[in-house]
């Protein structure tokens, strides 16, 4: 097991990891905490000393494009989850009932949080544990609180996962941090208050706690067994575990600066400037007061007042903002709902606008399937152990059916065309029914109408047997009539 000093050292080293700093930055931008919030303005005073300008307007507005792009990808990836995306093959239909117990709405909700971490931080974790129903359950684990310990980095040369989270904040802003250290057999529980020492968590009745505990025949004595794997599964966004923020961060920052600069200009120069010549007075405050209230001022005979306005480059800033927005959605590979079209919104146009988002989701889908297969493998092993079955992960397939908005009129036209095509196919098959046998005709009809032929085949066999029985009964009746006729002829002779 890891010693407390090892745990402390590993947690301190994790804080210095460059990947973790990038993950924190991605989380900040998802929560709309951009670098623009740190923007400060300075000027040199008359003595040449740099001073912060606290008089001028300094609008700091965050534009959360990254939040929209991440939510788009996560929700689009799981848009067809209501129908389920983990399915048993038709050869083992009874397996589907077992899979539905594990991969239900709760699992989809936890998976959504994992995908959110993957997109914002570059990687996400799912935690597995045994529930009170003696089944595996899966729960999202914040990737910023997970530290992987390789075998070569621990004194006992075993692999561990350190997972910490903030449980509560006590009086005096003392943060109570819970720390769990897990291997393939047990979990050790620790607690840390503020920046104090890491201590054993005395609130846990069993510490260390086996990952799998159970009783036999309703008894009170508890037994335990190893799970056989470290109960954390990691999903990476890409090979380098980079978040989706990297390609568009500079564009978002530029958009913030341009938009806030325009806002500052409008507020700083929203009033005209008055150039006064030959002012006959002693106080500029008096001059300003007269301009605001009386709208008049007194000047000498050769004096005068000129009103000056400053032209703000609004069009240039608007053009730059539009260009930045376009590039954010292009390089962020998202769907721009504000994109203008020519008014002809067909299904082809809609799909073309989803092209970049589809491409981004296709890349993530490959890694997501690998991630889910690792989870399916342990679920299948548990099902086999409980029911004595011999299922394999090859009996399960994963299929994501992403949903997009469509044009109702186009959909109706497509359905009409498909119905007409099926009608032509059916008529053609029926016209050849006198050439082929009934089974061949039925098979082609089932293919055309998308019906399971095996279900229809059984009914055909039943009908054939009934018809054969009727024919045999008719033949027997005819034979009986002939015998009666022969008997009557003999008696007449």
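In the working numbering, the protein residues as written are 1312 to 1804. Glycine is no exception: its CB is placed at the ideal position from the N, C-alpha and C atoms. Here the structure is a predicted model, which is why all the values come from computation and not from measurement.
Residues that residue i bridges to, as DSSP identifies them
i: residue 1547; result: 1434
i: residue 1498; result: 1493, 1520
i: residue 1363; result: 1353
i: residue 1450; result: 1438
i: residue 1681; result: Per DSSP, none; premise fails for residue 1681.
i: residue 1399; result: 1707
i: residue 1503; result: 1488, 1509
i: residue 1285; result: This structure cannot settle anything about residue 1285, because the visible part of the chain is limited to 1312 through 1804.
i: residue 1332; result: In the DSSP output, where bridge partners are listed per residue, residue 1332 has none listed.
i: residue 1471; result: 1460
i: residue 1479; result: 1487
Local Cβ density within 10 Å of residue i, reported as buried at 16 or more and exposed below that
i: residue 1498; result: buried
i: residue 1810; result: There is simply no residue 1810 to check, as the chain begins at 1312 and stops at 1804 in what is shown.
i: residue 1476; result: exposed
i: residue 1696; result: exposed
i: residue 1801; result: Confidence at residue 1801 is low in this model, with a pLDDT of 46, below 50, so its placement is unreliable and no value can be given for it.
i: residue 1803; result: Summary for residue 1803: the model assigns pLDDT 47, below 50, so the residue's position carries little reliability; its value from the coordinates is reported in the next sentence. Burial call: exposed.
i: residue 1548; result: buried
i: residue 1580; result: exposed
i: residue 1438; result: buried
i: residue 1337; result: buried
i: residue 1689; result: buried
i: residue 1684; result: exposed
i: residue 1452; result: buried
i: residue 1503; result: buried
i: residue 1396; result: buried
i: residue 1463; result: exposed
For residue i, the nearest candidate out of the options (CA to CA)
i: residue 1705; options: 1487, 1400, 1525; result: 1400
i: residue 1694; options: 1369, 1408, 1319; result: 1408
i: residue 1322; options: 1568, 1370, 1501, 1369; result: 1501
i: residue 1444; options: 1434, 1412, 1552; result: 1412
i: residue 1700; options: 1457, 1579, 1504, 1405; result: 1405
i: residue 1641; options: 1666, 1625, 1726, 1630; result: 1666
i: residue 1508; options: 1753, 1731, 1682, 1316; result: 1316
i: residue 1459; options: 1567, 1494, 1442, 1487; result: 1494
i: residue 1712; options: 1691, 1682, 1669; result: 1669
i: residue 1394; options: 1733, 1710, 1566, 1750; result: 1710
i: residue 1449; options: 1335, 1461, 1414; result: 1414
i: residue 1430; options: 1715, 1518, 1333; result: 1333
i: residue 1457; options: 1463, 1366, 1425; result: 1425
i: residue 1660; options: 1715, 1671, 1686, 1687; result: 1715
Supposed contact pair residue j and residue i - C-beta distance, whole angstroms, cut 8 angstroms
i: residue 1369; j: residue 1575; result: 7 angstroms
i: residue 1628; j: residue 1573; result: 5 angstroms
i: residue 1318; j: residue 1473; result: 6 angstroms
i: residue 1523; j: residue 1635; result: In fact, because the Cβ distance is near 53 angstroms, the residues do not count as touching under 8 angstroms.
i: residue 1631; j: residue 1569; result: 5 angstroms
Determine, using beta-carbon pairs with one atom in the region 1727–1746 and one in the region 1754–1766, whether at least three such pairs fall under 8 angstroms. yes
Counting pairs of Cβ atoms below 8 angstroms between the region 1534–1551 and the region 1354–1361, do you hit three or more? Not touching, per the Cβ criterion.
Can we say the region 1505–1524 touches the region 1418–1426, given the rule of at least three CB pairs closer than 8 angstroms? no
Between the region 1356–1365 and the region 1560–1570, can you find at least three pairs of beta-carbon atoms closer than 8 angstroms? no
Cβ pair count under 8 angstroms reaching 3, the region 1371–1378 against the region 1672–1688: Contact fails: fewer than three Cβ-Cβ distances are below 8 angstroms.
With a cut-off of 8 angstroms, do at least 3 Cβ pairs link the region 1380–1391 to the region 1634–1653? Yes: the two stretches touch, three or more of their Cβ pairs being nearer than 8 angstroms.
So does the region 1551–1559 actually touch the region 1433–1441, counting three or more Cβ pairs closer than 8 angstroms? yes
How about the region 1365–1374 and the region 1337–1353: do they share at least three Cβ pairs that are nearer than 8 angstroms? Taking one beta carbon from each stretch, the region 1365–1374 and the region 1337–1353 have 3 or more pairs nearer than 8 angstroms; the two touch.
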